[in-house]
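Take the position in the sequence shown, starting the count at 1, then add 15; the result is the number in this note's numbering.
Notes for the one structure printed next.
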Amino acid sequence: MKLVIDELEERISAAMASVAGVEGCAAIVRPSTDPKFGDYQANGVMALAKKLKTNPRKLAEEVVENLDLNDICEPPEVAGPGFINLRLKADFLADRLLEINEDTTGLAVEKADKPRTIVVDFSSPNIAKQMHVGHLRSTIIGDAICRMLEFLGHKVIRQNHIGDWGLQMGMVIHSTRQAQSMKEAVDGYERRRGLNRFPEGWPLELSSLEHSYKIMSKREKEDQQVAYAIRESTVRLQRGEKSEIDIWKKAREITLNECLRLYRMLSVTLDNEHIRGESFYADMLPGVVSGLQKKNLAVDSKGAVCVFPEGFKNKEGAPLPFIIRKSDGAYLYATTDLAAVRYRVDDLKADAIVYVTDSRQKMHFEMLFAVARMAGWASEDVELSHVMFGSILGDDGTPLKTRSGENVKLKELLDEAVERAKAVVEEKNPQLAPDEKAKIASAVGIGAVKYADYSNNRTSDYVFSFDKMLAMEGNTAPYMQYAYARIKSIERKAESKDVDIETELAGLKELRLTEPAELDLAKHIIRYGEAIGSAAGDYRPNYLTSYLYELAQKFSTFYSSCPVLIAEPAKRPSRLLLCDLTARTIRHGLSELLGISVVEQM
Numbered sequence: 016m017k018l019v020i021d022e023l024e025e026r027i028s029a030a031m032a033s034v035a036g037v038e039g040c041a042a043i044v045r046p047s048t049d050p051k052f053g054d055y056q057a058n059g060v061m062a063l064a065k066k067l068k069t070n071p072r073k074l075a076e077e078v079v080e081n082l083d084l085n086d087i088c089e090p091p092e093v094a095g096p097g098f099i100n101l102r103l104k105a106d107f108l109a110d111r112l113l114e115i116n117e118d119t120t121g122l123a124v125e126k127a128d129k130p131r132t133i134v135v136d137f138s139s140p141n142i143a144k145q146m147h148v149g150h151l152r153s154t155i156i157g158d159a160i161c162r163m164l165e166f167l168g169h170k171v172i173r174q175n176h177i178g179d180w181g182l183q184m185g186m187v188i189h190s191t192r193q194a195q196s197m198k199e200a201v202d203g204y205e206r207r208r209g210l211n212r213f214p215e216g217w218p219l220e221l222s223s224l225e226h227s228y229k230i231m232s233k234r235e236k237e238d239q240q241v242a243y244a245i246r247e248s249t250v251r252l253q254r255g256e257k258s259e260i261d262i263w264k265k266a267r268e269i270t271l272n273e274c275l276r277l278y279r280m281l282s283v284t285l286d287n288e289h290i291r292g293e294s295f296y297a298d299m300l301p302g303v304v305s306g307l308q309k310k311n312l313a314v315d316s317k318g319a320v321c322v323f324p325e326g327f328k329n330k331e332g333a334p335l336p337f338i339i340r341k342s343d344g345a346y347l348y349a350t351t352d353l354a355a356v357r358y359r360v361d362d363l364k365a366d367a368i369v370y371v372t373d374s375r376q377k378m379h380f381e382m383l384f385a386v387a388r389m390a391g392w393a394s395e396d397v398e399l400s401h402v403m404f405g406s407i408l409g410d411d412g413t414p415l416k417t418r419s420g421e422n423v424k425l426k427e428l429l430d431e432a433v434e435r436a437k438a439v440v441e442e443k444n445p446q447l448a449p450d451e452k453a454k455i456a457s458a459v460g461i462g463a464v465k466y467a468d469y470s471n472n473r474t475s476d477y478v479f480s481f482d483k484m485l486a487m488e489g490n491t492a493p494y495m496q497y498a499y500a501r502i503k504s505i506e507r508k509a510e511s512k513d514v515d516i517e518t519e520l521a522g523l524k525e526l527r528l529t530e531p532a533e534l535d536l537a538k539h540i541i542r543y544g545e546a547i548g549s550a551a552g553d554y555r556p557n558y559l560t561s562y563l564y565e566l567a568q569k570f571s572t573f574y575s576s577c578p579v580l581i582a583e584p585a586k587r588p589s590r591l592l593l594c595d596l597t598a599r600t601i602r603h604g605l606s607e608l609l610g611i612s613v614v615e616q617m
């Protein structure tokens, strides 16, 4: 089903072209910001009038005279210097709602005309480290982007670019070998240094593995012998020696098992099949360097191999290097990312590559894209997008940390969210069975964390607040989940009043929409596809949460002013359908596109 805004754009643009006698006219149709001016407004006539050097209002009147929108709108009105105001007909709204009702899975949202293959790079945890709050935004924003693009019909390829290669893995391997063969000696060293001992249970738990890695990272800076041993472990790993590979595999397995548990907890659609870590590209790195050298794009600079893309300068105004091999022969993130671009374009046949990372990496990706274009590894036909996001802050306005100054572990943050949600559920509905309380608390707690992130502009920082996230009022997950549960309660009340909703809606062919609140809610329901298109097109989930929140508010107004179950027989089916479509839209938006569970009661 074509979006209303697209249908209006097409018809008005055609009328403008006919009147002006020129091609390529754009109606620039937008939703009206003030309902008193209608539902949509076409703003393109003024730009066309300026081009034709004619009176814009007169031109708008001519366009309206040549415009046929009788099946969609009331007669268009010209306002101001040349705006065209449009108000949807009640009959058109009724027909659209019936079309949406017939599509039991997709709510009649139009799919992409030309589906693309889109690679989305997100989450990217590091081996031997627990995921922390800094991984939250990449993980869930990336997941929402994938869900929305897939729903619109695109082929989405998820890529979890984990950190599992290089010097850090040398540290992991060396710390593992030390812990296995000289645990007591290392414990003694740590006691003398005043540091913590290796925790019991090592190396079976990720927390223990991370602890030992941190100790080795500190020792590498203090002890040249340790630093040398770590470099040797790194070299042996990169040569593929079995003892190093075995430890590497074990550390990787321990880490990824924990990551996958968190993905399940967050309802994130990442699995083992999506992992393409740094190690995957290791054999491709020499070819990246030699390929750039052969194209005369990479040059030696103080022993390192660098590319100097045009337009990038340092603070002194000198050309800024994109280093692809260090003077000691080591490769960098830049090299791996270039290899990934080639792989994604050549092997995965990507039409677009989307990187979901924090804004601090802005310069890196700008240079990466520039070099990939220079090398011809990503043509201008391939969209390269850096979807940036801001930081999660504490009450003091600085990045969220524990009292000891460490990053907050993501598992601990989610566990606390669920525990706090349990208290809310207990207060609101103490008579529920324990299992039901636990289920609702998990949905509300995890949903609150995710929704709070989604509802903020992704490029902005935001202050993390459990109190605000778990509030039952405002644009929060609990409010949205309650709105859904409230509608579902109508179904339960219907049974007690001997109203058979299924029978009343079966075969419904005609709707009666006469009340302002009915019309207002109907107009918002049919704009669901517009909201998804905007959110997916700009990679901004907050466009979708804003739509859903407004939908819930409009439903509340409708439900307060328009009785449903006690409505007269002629009006009740229409109102029941409005309730049902609102619930289905909220459920689809939260559950299918944002990965947030809904509940039947709260």
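Ideal placement from N, C-alpha and C gives every residue a C-beta, glycine not left out.
I need the DSSP call for Cys40, collapsed to helix, strand or coil. Coil, per DSSP.
Under the assumption that Cys161 contacts Arg173 (Cβ atoms under 8 angstroms), give the Cβ distance between them as a whole number of angstroms. Yes, they are in contact, since the Cβ atoms of Cys161 and Arg173 sit about 6 angstroms apart, within 8 angstroms.
When the Cα of Tyr346 is compared with those of Trp180, Tyr543, Ser282, which residue comes out closest? Distances from the alpha-carbon of Tyr346 to those of Trp180, Tyr543, Ser282 put Trp180 closest.
Supposed contact pair Ala532 and Ser589 - C-beta distance, whole angstroms, cut 8 angstroms: Approximately 12 angstroms separates the beta-carbon atoms of Ser589 and Ala532; this is outside 8 angstroms, ruling out the contact.
Out of Lys317, Gly405, Ile338, which has the shortest C-alpha to C-alpha gap to Val303? Closest option to Val303, Cα to Cα, is Ile338.
May I ask you to report which of helix, strand or coil DSSP gives Glu398? Of the three classes helix, strand and coil, the one that applies to Glu398 here is strand, per DSSP.
With a 10 Å radius around its C-beta and 16 neighbouring C-beta atoms as the bar for buried, classify Arg619 as buried or exposed. Examination of residue 619 is not possible in this model, given that the chain is present from 16 through 617 alone.
Could you check how far apart the C-beta atoms of Leu108 and Lys538 are, in whole angstroms? I think they sit under 8 angstroms. Contact flag correct, Cβ pair sits at about 6 angstroms.
From this set, Asn175, Cys274, His189, which residue's C-alpha is nearest Ser222's C-alpha? The alpha carbon of Ser222 has as its nearest neighbour, out of Asn175, Cys274, His189, the alpha carbon of Cys274.
Taking only three categories from DSSP, how would you classify Arg102? Residue state, collapsed to three classes: coil.
When DSSP labels each residue in this structure, what does Arg47 get in the three-state scheme? Sequence inspection shows Ser at residue 47; the Arg mentioned does not correspond to that position. Ser47: coil per DSSP, three-state reduction.
Who are the Cβ neighbours of Gly168 in its own chain at under 6 angstroms, not counting the five residues just before and after it? Lys126, Ala127, Pro130.
Tell me which same chain residues have a C-beta within less than 7 angstroms of the C-beta of Val64, skipping the five on either side of it? The sequence as given places Ala at residue 64; Val does not occur at that position. If we look at Ala64 and ignore the five residues flanking it on each side, its Cβ neighbours are Asn70, Pro71, Leu74, Gly97.
Evaluate the contact criterion for the stretch 488-501 versus the stretch 309-323: three or more CB pairs, one atom per stretch, below 8 angstroms. Touching, no.
Taking 7 angstroms as the threshold (C-beta atoms), are His289 and Asn141 in contact? For Asn141 and His289, no; Cβs fall outside 7 angstroms.
For Ala244, which residues of its own chain have a beta-carbon under 7 angstroms away from its beta-carbon, when the five flanking residues on both sides are left out? So the qualifying residues of the chain are His189.
Evaluate Met378 with the Cβ neighbour count: other Cβ atoms within 10 Å of its Cβ, from every protein chain shown; 16 or more gives buried, anything less gives exposed. In the assembly as shown, Met378 is an exposed residue. Its beta-carbon has fewer than 16 other beta-carbons within 10 Å.
Per DSSP, the bridge partner or partners of Asn141: Asn141 is bridged to Gly178.
Leaving out five residues before and five after Val44 in sequence, what residues of the same chain have Cβ atoms less than 6 angstroms from its Cβ? For Val44, same chain residues with a beta-carbon under 6 angstroms away, outside a window of 5 residues either side, are Ile20, Leu23, Glu24, Tyr55, Ala57 in chain order.
When we look at the beta-carbon of Met617 and count the other beta-carbons within 10 Å, is it buried (16 or more) or exposed? With 16 or more Cβ atoms within 10 Å of its Cβ, Met617 is classed as buried.
Express the C-alpha separation of Val322 and Arg359 in angstroms, rounding to a whole number. So the alpha carbons of these two residues sit roughly 21 angstroms apart.
Grab me the residues of Leu534's own chain with a C-beta within less than 8 angstroms of its C-beta, minus the 5 sequence neighbours each way, in chain order. Correct list, in chain order: Ala105, Leu108, Leu528.
Give the DSSP-derived three-state secondary structure of Asp343 in the structure shown. Asp343: coil per DSSP, three-state reduction.
Local Cβ density within 10 Å of Val201, reported as buried at 16 or more and exposed below that: For Val201, the predicted structure reports a pLDDT of 46, less than 50, and the residue's modelled location is therefore unreliable. A value from the coordinates is still provided. Classification for Val201: buried.
Would you check if the stretch 432-440 and the stretch 453-468 touch, i.e. whether three or more CB-CB distances between them fall below 8 angstroms? Taking a contact to require three or more Cβ pairs closer than 8 angstroms, the stretch 453-468 and the stretch 432-440 qualify as touching.
The alpha helix (DSSP H) that contains Val34, what's its start and end? In the DSSP assignment, Val34 falls within the alpha helix (DSSP H) that extends over 19-35.
Buried or exposed (CB count within 10 angstroms, at least 16 for buried), Gln446: Exposed: under 16 other Cβ atoms inside 10 Å.
Can you give the Cα-Cα distance for Asp362 and Ala467, rounded to whole angstroms? CA-CA distance, Asp362 to Ala467, rounds to 37 angstroms.
Quick check on DSSP: helix, strand or coil for Met403? Here DSSP, grouped into helix, strand and coil, assigns Met403 to strand.
Per-residue DSSP class, three states only, for Gln56: Here DSSP, grouped into helix, strand and coil, assigns Gln56 to strand.
Using 7 angstroms as the limit for Cβ to Cβ distance, is Asp515 near chain B? As a matter of chain content, chain B is missing from the structure shown, which is built from one protein chain.
Three-state secondary structure (DSSP) of Asp261: The answer is helix: DSSP assigns Asp261 an H, G or I state.
Flag this pair as touching only if the stretch 558-570 and the stretch 586-602 have three or more C-beta atom pairs under 8 angstroms; answer yes or no. Yes, they touch.
Rounded Cβ spacing between Val423 and Val148 (contact assumed at less than 8 angstroms): Val423 to Val148, Cβ: 4 angstroms. Contact.
Contacts around Cys2, its chain only, beta-carbon distance under 7 angstroms, and the 5 residues preceding and following it disregarded: Lying before the first or after the last residue shown, residue 2 is absent from the chain, which here runs from 16 to 617.
Tell me whether Asn557 is buried or exposed, calling it buried when 16 or more other Cβ atoms sit within 10 Å of its Cβ. Within a 10 Å sphere around the beta-carbon of Asn557 sit 16 or more other beta-carbons, which makes this residue buried.
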